[in-house]
Amino acid sequence: MKKIYIHKDNLDSYTEYPVPEDTTDWYTVDVPDDFTLAGSVYNPQIGEFDTPALPPI
Numbered sequence: 001m002k003k004i005y006i007h008k009d010n011l012d013s014y015t016e017y018p019v020p021e022d023t024t025d026w027y028t029v030d031v032p033d034d035f036t037l038a039g040s041v042y043n044p045q046i047g048e049f050d051t052p053a054l055p056p057i
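Using full-length UniProt numbering, you'd call the opening residue of the sequence shown number 1 and step up by one each time.
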């Protein structure tokens, strides 16, 4: 497991390193070592990652 940090204003990206100096505006999430965010967005209400629906064409 590793920790990632997701900024509260940008739920579709994360940072591992460097750790944010002030984590007030960040969610700290434990994920598997092989985790990738590809195509997902963090949902803080349930504490999990969702795959957003694609907009209609």
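Positions of the beta carbon are idealized from the N, C-alpha and C atoms, including for glycine.
Between the CA atoms of residue j and residue i - distance to the nearest angstrom
i: K8; j: D34; result: 23 Å
i: D22; j: Y5; result: 11 Å
i: P20; j: T51; result: 25 Å
i: L37; j: D30; result: 13 Å
i: P32; j: K2; result: 6 Å
Beta-bridge partners of residue i, as assigned by DSSP
i: Y27; result: I6
i: V41; result: D50
Cβ-based burial, residue i [other Cβ within 10 Å; buried from 16]
i: Y17; result: exposed
DSSP state of residue i mapped onto helix, strand, coil
i: F49; result: strand
i: T36; result: coil
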